[in-house]
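Going by the numbering used here, the sequence shown runs without a break in its numbering and finishes at 115. Every residue, glycine too, gets a C-beta built ideally from N, C-alpha and C. The block underneath contains the structure these notes are about, expressed in structure tokens.
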Amino acid sequence: MNQAEQSESHGRQAPAITLAEFQELIRRMYLPKDVARGVDGTFMWLIEEVGELASALRRGDQQQQASEFADVLAWLATIANVVGVDLTEAVMAKYGSGCPGCGQFVCVCPDAGKP
Ligand SMILES: [Zn+2]
């Protein structure tokens, strides 16, 4: 990406979307198909997308990586819709008061453990 393209893409602001709006968008676009496919099949798609994200992180450019992050988030939202989990509620319940391990907003958990 040259400098002109870079400044253009940074200057063009995408409309903001909340997590709740994104989950609702995915619900509107795909819910009947997702329910018909079921959790197991949908979970396989998520894992396939996680694999594609891994490849993009290793060998992809910024645009490819961004695209794979979007796919992983979309499939995660899909599974949450199928099982009836509100992602905003889930995220706030777990991370809204800080790190689930230490309770701080800047994690102070020991490096050896998963926070
Ligand atoms: Zn912590």
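### Query
Where do the N-terminal and C-terminal ends of the alpha helix (DSSP H) with histidine 71 fall, by residue?
Counting from one through the sequence shown, the residue named residue 71 turns up at place 71. Per the sequence shown, the amino acid found at residue 71 is aspartate instead of histidine. Unbroken alpha helix (DSSP H) run through aspartate 71: 62–83.
### Task
Assign aspartate 34 to one of three DSSP states: helix, strand, or coil.
The residue you call residue 34 lines up with position 34 of the sequence shown. If DSSP states are grouped into helix, strand and coil, aspartate 34 belongs with the helices.
### Query
Looking only at its own chain, which residues have a Cβ that is under 7 angstroms from the Cβ of leucine 57, when we skip the five neighbours before and after it?
Taking the first residue of the sequence shown as position 1, residue 57 is located at position 57. Within the same chain, leucine 57 has close Cβ partners Gln65.
### Query
Hey, is the segment 100–107 in contact with the segment 29–37, meaning 3+ C-beta pairs nearer than 8 angstroms?
no
### Query
Looking only at C-alpha atoms, which of Asn81, Glu24 and Glu68 sits nearest to valine 39?
Here residue 39 is taken as the residue at index 39 of the sequence shown, counted from 1. Residue Asn81 is the option with its Cα nearest to valine 39.
### Terminal residues of the alpha helix (DSSP H) in which valine 91 lies
For this step, residue 91 is matched to residue 91 along the sequence shown. It spans 87–95 - the alpha helix (DSSP H) in which valine 91 sits, taken as one unbroken run.
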